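Q: Okay, so the sequence shown: first residue is 1 according to full-length UniProt numbering, each after it adds one. This structure is in structure tokens; I'll ask about it shortly.
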Amino acid sequence: MPQKKMKQGNQATLAQRILNLDDYDLAKTIANDARACYPIDQPLKSLQIEAVMHLVRLKNTFVMAGTGFGKSRVPELYVHLFVKSSKPVVLVLNPLDALGDNQVREKIAQKFTAINLKKLTFNRRVADEVLRGTYNFVYLSPKIFLNNEMFTELYFNTKFQGRLVLNVVNEAHMIYSWGLVASGKAKKSSAHKQHQDKALFGTPMGIWVAATCRPLVVKAILKCLQIPEENMRFVHAELTRPEIRILRFAMGHSLKSTHDLLEMFGPQDDTPNECLPPTLANLIPIAP
């Protein structure tokens, strides 16, 4: 384990020794630091290490990777570099509460502390726990992110900002589903100031999306979050499970009619039911 800086008050900071490393030694340090934390048959990917290096340099990082890449491991690797007693906090915005529940279980299994803030359970007691640094990973939904005054108060508390080491927008292509890009609601929200103030607090932002995210959507996401493209580092990774195929079909009929399925599978006489592969159909809204 690399030598780490002792905490100074409530501030979560990386040791100067780590910050002074060149790229080669920093990559080696990240790999060595994580070796004891993951199974030997699950080695780190070079692009995971690259993403963590960007975060160490306080660079906003846009990770485009498919299923199986291990995007959720990137913030884990980053947190491992901080001294545990400084109680570093990663804030993760999720499109679905259920996704946050799953990730909380994953983080606890990795011996982190984590909580999923929900509308019905996020109260003053929970807010005080988050403020004290009780949880390494804090997951929340767009509803709380955009509309909850208690969360906005918590976010801009200087004590919380001292512990906050990373903002993450998970499944960022779902911003279209939230209606933020089209309506500009995020830009008018007080919580959205967190992105504009990130330079003030020295907190990088991580944006995770699917490998198939279109360039038009990427530009819209950055525009919505008011982050210039030149201020973002991109990490491109391909789909890492070859048995999974993602195909895009333009719909020419209503969803209820199912006529578009003929283009995918053909008539039943040509493709019997027992020959159909397991399939997940995802209807994606058309970008404006």
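Note that beta-carbon positions come from the ideal geometry of N, C-alpha and C, so glycine has one too. A quick note: this is a predicted structure, and the numbers were derived from the prediction, not measured.
If you run the structure through DSSP and keep just helix, strand and coil, what is M150?
A: Walking along the sequence shown from the start, residue 150 turns up at place 150. Here M150 sits in helix by DSSP.
Q: What is the residue span of the alpha helix (DSSP H) that residue 316 lies within?
A: Any property of residue 316 remains undetermined from this structure, which presents the chain solely from 1 to 288.
Q: Relative to the C-alpha of L99, which candidate in I115, K84 and V90 has its C-alpha closest?
A: Here the question's residue 99 lines up with position 99 in the sequence shown. It is I115.
Q: For A199 and V168, I'd like the C-alpha separation in whole angstroms.
A: As a position in the sequence shown, residue 199 is number 199, starting the count at 1. As a position in the sequence shown, residue 168 is number 168, starting the count at 1. Bear in mind that the predicted position of A199 carries a pLDDT of just 37, short of 50, making it unreliable; the figure below should be weighed with that in mind. For A199 and V168, the distance between alpha carbons rounds to 15 Å.
Q: Can you check which of these residues, V79, Q42 and V52, is closest to Y24 by C-alpha distance?
A: Against the sequence shown, residue 24 aligns to sequence position 24. Among V79, Q42 and V52, the Cα nearest to that of Y24 is on V52.
Q: By a C-beta neighbour count over all protein chains shown, 10 Å radius and 16 as the cutoff for buried, is Q42 buried or exposed?
A: Mapped onto the sequence shown, residue 42 falls at position 42. Its Cβ having fewer than 16 others within 10 Å, Q42 is exposed.
Q: Cα separation between T158 and M64?
A: In the sequence shown, residue 158 corresponds to position 158, counting from 1. In the sequence shown, residue 64 corresponds to position 64, counting from 1. When rounded, the distance between both Cα atoms is 32 Å.
Q: Would you report the Cα separation of T86 and A12, rounded to the nearest angstrom?
A: Working through the sequence shown from its first residue, we reach residue 86 at position 86. Working through the sequence shown from its first residue, we reach residue 12 at position 12. In the sequence as presented, Thr is not what sits at residue 86; that position holds Ser. If I take the Cα positions, the gap works out to 5 Å.
Q: By Cβ distance, which residues of its chain are closer than 6 Å to D101, with the 5 residues on each side in sequence left out?
A: As a working mapping, residue 101 is identified with position 101 in the sequence shown. Hits under 6 Å: N116.
Q: Compute the Euclidean distance between the alpha carbons of L276 and L261, then round it to the nearest angstrom.
A: The residue labelled residue 276 in the question sits at position 276 within the sequence shown. The residue labelled residue 261 in the question sits at position 261 within the sequence shown. If I take the Cα positions, the gap works out to 12 Å.
Q: In the DSSP assignment, find the beta strand (DSSP E) that holds R233 and state where it starts and stops.
A: Residue mapping note: residue 233 aligns to position 233 of the sequence shown, counting from 1. Its beta strand (DSSP E) spans residues M232 to H236.
Q: Using only alpha-carbon positions, find the residue among C213, K111, S141 and F151 that is nearest to E129.
A: Here residue 129 refers to the residue found at position 129 of the sequence shown. Looking at the Cα atoms, F151 is the closest of the given residues.
Q: Mind checking A34: buried by the 16 CB within 10 Å criterion, or exposed?
A: For this step, residue 34 is matched to residue 34 along the sequence shown. Result: buried.
Q: According to DSSP, is A114 helix, strand or coil?
A: The count along the sequence shown starts at 1 and reaches residue 114 at position 114. Strand.
Q: Contact check, L166 vs L55 under 8 Å by CB: the rounded distance?
A: What you label residue 166 is simply residue 166 of the sequence shown in a count that begins at 1. What you label residue 55 is simply residue 55 of the sequence shown in a count that begins at 1. Their Cβ separation, rounded to whole angstroms, is 6 Å, which keeps L166 and L55 in contact under 8 Å.
Q: So if DSSP puts M205 in a beta bridge, which residue, or which two residues, is it bridged to?
A: By 1-based counting over the sequence shown, the position of residue 205 is 205. Beta-bridge pairing links M205 to N167.
Q: Candidates K118, E274, N273 and H236: which alpha carbon is nearest K143's?
A: Counting from one through the sequence shown, the residue named residue 143 turns up at place 143. Measuring from the Cα of K143, the nearest candidate turns out to be K118.
Q: Between A127 and the rest of its own chain, which residues show a CB-CB distance below 7 Å, the 5 nearest in sequence each way excluded?
A: Here residue 127 is taken as the residue at index 127 of the sequence shown, counted from 1. M150 and L154, listed in sequence order.
Q: Pull up the distance between the alpha-carbon of F145 and that of L93, whole angstroms please.
A: By one-based count along the sequence shown, residue 145 stands at place 145. By one-based count along the sequence shown, residue 93 stands at place 93. Cα to Cα, the separation comes out at about 8 Å.
Q: Just list the residues that DSSP pairs F122 with in beta bridges.
A: Counted from its first residue, the sequence shown places residue 122 at position 122. None, per the DSSP bridge assignment.
Q: With DSSP as the reference, please indicate the residues paired to F62 in a beta bridge.
A: Within the sequence shown, residue 62 is the residue found at index 62, counting from 1. DSSP output for F62 lists I207 and F234 as bridge partner(s).
Q: Buried or exposed for E229, going by 16 or more other Cβ atoms inside 10 Å?
A: For the purposes of this step, residue 229 is identified with residue 229 of the sequence shown, where counting begins at 1. E229 should be labelled exposed.
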